[in-house]
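**Student:**
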Amino acid sequence: QVQLVESGGGLVSAGGSLRLSCAASGSIDRFDVLGWYRQTPTKQRELVSTITPGGSTNYADSVKGRFTISRDNAKNTVYLQMDSLKPEDTAVYYCNARRYVWSSPYWGQGTQVTVSS
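Counted from 1, the sequence shown has number 47 at position 46 by my numbering; the numbering is strictly sequential.
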């Protein structure tokens with residue numbers, strides 16, 4: 002059973018930064034795709050960013066240039082560095098892992114990010 006544990010969320014002022022971490026139980030090399038999603042009470046869960054074992058990254062247009070996804074294989078951890086945060090970034094952020102691109106994803110429990118104006 003795969004476990005993903007997010008941490009690093011919190012309350013920050015607009016323009017500030019946070020770094021989210023997602024620690025996996027076991028090697029992250031076994032996953033074709035690792036990613037971050039976010040959800041608010043009024044919106045469906047949306048993709049924020051993904052990263053592959055080779056380091057290829059993908060970002061939602063709304064976060065390009067502000068967020069950076071990275072991975073540390075030795076620590077089995079994926080990170081999301083969030084800079085220049087905006088109030089509209091407020092959401093619960095979830096870590097996601099797919100064994101294969103067509104596989105059902107594993108999800109973490111989520112971490113709340115709140116950006117005050």
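Beta carbons: idealized from backbone N, C-alpha and C, even for Gly.
Can you give the Cα-Cα distance for W103 and T51, rounded to whole angstroms?
**Tutor:** 15 Å
**Student:** Helix, strand or coil: how does DSSP classify A92 here?
**Tutor:** Of the three classes helix, strand and coil, the one that applies to A92 here is strand, per DSSP.
**Student:** Short of 7 Å in beta carbon distance, which residues of its chain neighbour T69, apart from the five on each side in sequence? Order them along the chain.
**Tutor:** Q82
**Student:** Using a Cβ-Cβ cut-off of 8 Å (strictly less than) and excluding sequence neighbours within five positions of R20, which residues of its own chain qualify?
**Tutor:** G9, Y80, L81, Q82 and M83
**Student:** Who are the Cβ neighbours of Q113 in its own chain at under 6 Å, not counting the five residues just before and after it?
**Tutor:** Taken in chain order, the residues that qualify are G10 and V93.
**Student:** For K65, does the three-state DSSP call read helix, strand or coil?
**Tutor:** coil
**Student:** Measuring CA to CA, which of A15, Q2 and G56 is closest to R67?
**Tutor:** A15
**Student:** State the beta-bridge partners of N59 as determined by DSSP.
**Tutor:** T51
**Student:** Measure the beta-carbon distance from N97 to Y38 and round it to whole angstroms, keeping in mind my assumption that it falls under 8 Å.
**Tutor:** 6 Å
**Student:** Mark D73 as exposed unless 16 or more other C-beta atoms lie within 10 angstroms of its C-beta, in which case mark it buried.
**Tutor:** exposed
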